[in-house]
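A.B. asks: Residue numbers (our numbering), protein chains in the order written: chain S, 108 to 389; chain P, 108 to 389.
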């Protein structure tokens, strides 16, 4: 039986995405941080890990990108991706109306995605309180009464999944957005998957400090007619305004054209690591 | 006398950066959000606005990038930049020790920048509470006793500037980081500044949906030997996995080589807006 580590606790969007992909026939282990999901896979405590990488409204999940930078020698590679529609719910004890709420608990990404709704429906005096996950936020609403010094239980809410609210018998109000809200999750593991019909390859690179370095890095892909689906830059954290780049391209590292492009790329970059080749979600 | 709008309240890092650039001889107006700083300049209530755009540890300030995307018809342009070293302080009532603190108030960027320090010095049970600014966080520590339902005043702290702590007579503990922590701020206005010795041009663009589109967009800069100093992608928020790009290049839009590159760029992009040409901070 496969063991799947995911960014927990239970009933987070990462959990729902992992369940969708790996089904009920797997063993699930939740980990409190992105870093600990990686660690479980690195130490063979889990076969696969599931972590968020990007949201269609808020952009990159920088924790996950930075984990690839900070542990460049990790044996972990990307073995797949999951696209999952996000539905946020405003969760309170039954009978609580949004305007009376004074404190909203949720994950910083969920708070950011719902900022517009929060501004329209809640008092300007509300507090936004960061939690490690949306599920933890829901638990905070439940545990509320027992904490010595905190807000009145009718004045707190969480933003999280319907599943988490249901588990605790809380009331839900769907947070409607006219914009497309999807999250892309990465599946990490230690063994590259077999080539599928449509594949994607993720690369981490650092450019040489020379004019035109980014252009030069893209030339091999252009020459081999390899489409770039994504580019993301992150600070190196060593020197201000020095960056690493995450690039996703179509194709598998076993394809000759991708191999040739990477060989050429290695000459124009100061660091190059293939994070994985895996089946495209779409 | 010039009026400068900045992301407030007083004693934020944005305020300190604005004071450094415009000095004591200007009138300062603080605004509660990035959006409202833009609005004050757009409505001629301020000559200049100062907003954060990028931190050397945490990366892009996505609110500011998204304001340029959401109001593409705005008359506001970038007229300058300020680089400012960031020193965070752990701020409490006198005599409070970090391990007893249960709730830390600060701006989400400051909380993220100090994550490592927080993990090392505070209890695992601590709450991180988002505020609109570091200065507001400090005010929260001061006002604490008068709020009906919240934590005990010895159990709260803020992360903010020494200036904000001093104003309220609070104790400070420097949050030391061995990494370079700098923020880059943009100065926005309505009139392009004169060409300086060294200039930078910021561009917002959307690529055509075609293979090699990003490569093609960079070709004109390579051909004209114009160095790219920065590329940042942001979700379009209209369609999942569709992006806008922010590109900074060396040179001024009045230089023939930059003009030629932009003319060529216009042919390979579906949207192109020059956000401004301005003197380089370094």
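Quick reminder that beta carbons are idealized off the backbone N, C-alpha and C, glycines included.
Could you check how far apart the C-beta atoms of residue 264 of chain P and residue 249 of chain P are, in whole angstroms? I think they sit under 8 Å.
C.D. replies: Counted from its first residue, the second chain places residue 264 of chain P at position 157. Counted from its first residue, the second chain places residue 249 of chain P at position 142. Contact flag wrong, Cβ pair sits at about 12 Å.
A.B. asks: Let me check understanding here. Comparing Cα to Cα, which of S:372, S:191, S:344, S:246 lies closest to residue 333 of chain S?
C.D. replies: To locate residue 333 of chain S, count along the first chain from 1; it is residue 226. Selected option, being the one with the closest Cα: S:372.
A.B. asks: Would a check of beta-carbon distances place residue 185 of chain P closer than 7 Å to chain S?
C.D. replies: Position 78 of the second chain, counted from the start, is the residue given in the question as residue 185 of chain P. Output row for residue 185 of chain P: interface = no.
A.B. asks: Any beta carbon from chain S within less than 7 Å of residue 359 of chain P's own beta carbon?
C.D. replies: Position 252 of the second chain, counted from the start, is the residue given in the question as residue 359 of chain P. Residue 359 of chain P does not count as touching chain S.
A.B. asks: Look at the alpha carbon of residue 297 of chain P and the alpha carbon of residue 375 of chain S, and state the distance between them as a whole number of angstroms.
C.D. replies: Your numbering for residue 297 of chain P matches position 190 in the second chain. Your numbering for residue 375 of chain S matches position 268 in the first chain. Those two C-alpha atoms are separated by around 40 Å.
A.B. asks: Counting C-beta neighbours from all protein chains within 10 Å, is the total for residue 291 of chain P 16 or more, i.e. buried, or is it exposed?
C.D. replies: Position 184 of the second chain, counted from the first residue, corresponds to residue 291 of chain P. So residue 291 of chain P counts as buried.
A.B. asks: Determine whether the beta carbon atoms of residue 163 of chain P and residue 342 of chain S lie at a separation below 7 Å.
C.D. replies: In the second chain, the residue the question calls residue 163 of chain P occupies position 56. In the first chain, the residue the question calls residue 342 of chain S occupies position 235. Cβ atoms of residue 163 of chain P and residue 342 of chain S: closer than 7 Å.
A.B. asks: Whole angstroms is fine: what's the gap from residue 223 of chain P's alpha carbon to residue 142 of chain S's?
C.D. replies: What you label residue 223 of chain P is simply residue 116 of the second chain in a count that begins at 1. What you label residue 142 of chain S is simply residue 35 of the first chain in a count that begins at 1. Whole-angstrom Cα-Cα distance: 13 Å.
A.B. asks: Between the stretch 281-305 of chain S and chain P, which residues of the former have a C-beta closer than 9 Å to a C-beta of the latter?
C.D. replies: If the cut-off is 9 Å between Cβ atoms, the stretch 281-305 of chain S has 286, 287, 288, 289, 291 near chain P.
A.B. asks: By the three-class DSSP mapping on this structure, what secondary structure does residue 309 of chain S have?
C.D. replies: Looking up residue 309 of chain S in the first chain gives position 202. It is a strand residue.
A.B. asks: Pull up the distance between the alpha-carbon of residue 321 of chain P and that of residue 295 of chain S, whole angstroms please.
C.D. replies: Residue numbering aside, residue 321 of chain P sits at position 214 when the second chain is read from its first letter. Residue numbering aside, residue 295 of chain S sits at position 188 when the first chain is read from its first letter. So the alpha carbons of these two residues sit roughly 28 Å apart.
A.B. asks: If the cut is a Cβ gap below 8 Å, which residues of chain S does residue 326 of chain P touch?
C.D. replies: As a working note, residue 326 of chain P is residue 219 in the second chain. The contacting residues are 322.
A.B. asks: According to DSSP, is residue 341 of chain P part of a helix, a strand, or is it coil?
C.D. replies: Taking the second chain and counting its residues from 1, one reaches residue 341 of chain P at position 234. Strand.
A.B. asks: Could you tell me which whole alpha helix (DSSP H) segments of length 4 or greater appear in the stretch 308-384 of chain S?
C.D. replies: Qualifying alpha helix (DSSP H) stretches, in chain order: 320-330, 363-375.
A.B. asks: How would you list, in chain order, the residues of chain P whose beta-carbon sits under 8 Å from the beta-carbon of residue 310 of chain S?
C.D. replies: The sequence position of residue 310 of chain S within the first chain is 203, counting from 1. Chain P residues near residue 310 of chain S: none, gap ~14 Å exceeds 8 Å.
A.B. asks: How about the stretch 275-283 of chain P and the stretch 169-179 of chain P: do they share at least three Cβ pairs that are nearer than 8 Å?
C.D. replies: No, because fewer than three Cβ pairs between the stretch 275-283 of chain P and the stretch 169-179 of chain P fall closer than 8 Å, the two stretches do not touch.
A.B. asks: Counting only the same chain and skipping the five closest in sequence on each side, list residues whose C-beta sits under 6 Å from that of residue 125 of chain S.
C.D. replies: For the purposes of this step, residue 125 of chain S is taken as residue 18 along the first chain, with counting starting at 1. 111, 113, 157, listed in sequence order.
A.B. asks: State the Cα-Cα distance for the pair residue 253 of chain P and residue 246 of chain P, rounded to the nearest angstrom.
C.D. replies: What you label residue 253 of chain P is simply residue 146 of the second chain in a count that begins at 1. What you label residue 246 of chain P is simply residue 139 of the second chain in a count that begins at 1. Unreliable placement is indicated for residue 253 of chain P, whose pLDDT of 43 sits below 50; the coordinate value is still reported in the next sentence. If you take the alpha carbons of residue 253 of chain P and residue 246 of chain P, they lie about 12 Å apart.
A.B. asks: By Cβ distance below 8 Å, which residues in the same chain neighbour residue 255 of chain P in space, the five residues on each side in sequence not counted?
C.D. replies: The residue you call residue 255 of chain P lines up with position 148 of the second chain. Because residue 255 of chain P sits at a pLDDT of 38, beneath the cut-off of 50, its placement in the model cannot be relied upon, and the point is left open.
A.B. asks: Using a Cβ-Cβ cut-off of 7 Å, state whether residue 335 of chain P counts as contacting chain S.
C.D. replies: Along the second chain, read from residue 1 onward, the residue named residue 335 of chain P stands at position 228. Interface residue, yes.
A.B. asks: Any beta carbon from chain P within less than 7 Å of residue 236 of chain S's own beta carbon?
C.D. replies: The residue given as residue 236 of chain S occupies position 129 in the first chain. Yes, its Cβ sits closer than 7 Å to a Cβ of chain P.
A.B. asks: Compute the beta-carbon to beta-carbon distance between residue 75 of chain S and residue 355 of chain S, rounded to the nearest angstrom, for a pair I have assumed lies under 8 Å.
C.D. replies: This structure does not reach residue 75 of chain S, given that chain S is present from 108 up to 389, and the question cannot be answered.
A.B. asks: Considering only residues of the same chain and omitting the five flanking positions on each side of residue 327 of chain S, which have a CB-CB separation below 6 Å?
C.D. replies: In the first chain, the residue the question calls residue 327 of chain S occupies position 220. Once the five neighbours on either side are set aside, the close Cβ partners of residue 327 of chain S are 368, 371, 372.
A.B. asks: Which residues share a DSSP beta bridge with residue 292 of chain S?
C.D. replies: For the purposes of this step, residue 292 of chain S is taken as residue 185 along the first chain, with counting starting at 1. Partner(s): S:159, S:189.
A.B. asks: Give a yes or no on whether 7 Å exceeds the smallest Cβ distance from residue 181 of chain S to chain P.
C.D. replies: Taking the first chain and counting its residues from 1, one reaches residue 181 of chain S at position 74. It does not; no Cβ of chain P falls within 7 Å.
A.B. asks: In angstroms with no decimal places, state the Cα-to-Cα distance between residue 123 of chain S and residue 214 of chain S.
C.D. replies: Position 16 of the first chain holds residue 123 of chain S. Position 107 of the first chain holds residue 214 of chain S. For residue 123 of chain S and residue 214 of chain S, the distance between alpha carbons rounds to 16 Å.
A.B. asks: Determine, for residue 206 of chain S, whether the minimum Cβ-Cβ distance to residues of chain P falls below 7 Å.
C.D. replies: Taking the first chain and counting its residues from 1, one reaches residue 206 of chain S at position 99. Cβ-Cβ to chain P under 7 Å: no for residue 206 of chain S.
A.B. asks: Can a CB atom of chain S be found closer than 7 Å to the CB of residue 253 of chain P?
C.D. replies: Counted from its first residue, the second chain places residue 253 of chain P at position 146. For residue 253 of chain P, the pLDDT reaches just 43, beneath the cut-off of 50, and the residue's location in the model is therefore unreliable, although a value from the coordinates is still provided. Not an interface residue.
A.B. asks: Identify every residue that forms a DSSP beta bridge with residue 197 of chain P.
C.D. replies: Mapped onto the second chain, residue 197 of chain P falls at position 90. P:266, P:280, per the DSSP bridge assignment.
A.B. asks: Of all the options S:316, S:231, S:195, which has the alpha carbon lying nearest to the alpha carbon of residue 272 of chain S?
C.D. replies: Walking along the first chain from the start, residue 272 of chain S turns up at place 165. Comparing Cα-Cα distances from residue 272 of chain S to each of S:316, S:231, S:195, the minimum goes to S:195.
A.B. asks: For residue 338 of chain P, decide whether its Cβ has a neighbour in chain S, counting only Cβ atoms nearer than 7 Å.
C.D. replies: In the second chain, residue 338 of chain P corresponds to position 231, counting from 1. Interface residue, yes.
A.B. asks: Name, please, each residue of chain S whose Cβ falls closer than 7 Å to the Cβ of residue 348 of chain P.
C.D. replies: As a first step, residue 348 of chain P is located in the second chain; it is residue number 241 there, counting from the start. Going along chain S in sequence order, the residues near residue 348 of chain P (Cβ under 7 Å) are 163.
A.B. asks: Using beta carbons (cut-off 7 Å, strictly below), is residue 156 of chain P in contact with chain S?
C.D. replies: Here residue 156 of chain P refers to the residue found at position 49 when the second chain is read from its first residue. It does not: the Cβ of residue 156 of chain P has no partner Cβ on chain S nearer than 7 Å.
A.B. asks: Work out the CA separation of residue 139 of chain S and residue 130 of chain P for me, nearest whole Å.
C.D. replies: Here residue 130 of chain P is taken as the residue at index 23 of the second chain, counted from 1. Here residue 139 of chain S is taken as the residue at index 32 of the first chain, counted from 1. Each residue's alpha carbon lies about 46 Å from the other.
A.B. asks: Can you list the residues of chain P that residue 329 of chain S reaches, using a CB-CB cut of under 7 Å?
C.D. replies: Mapped onto the first chain, residue 329 of chain S falls at position 222. The answer, in chain order, is 319, 322.
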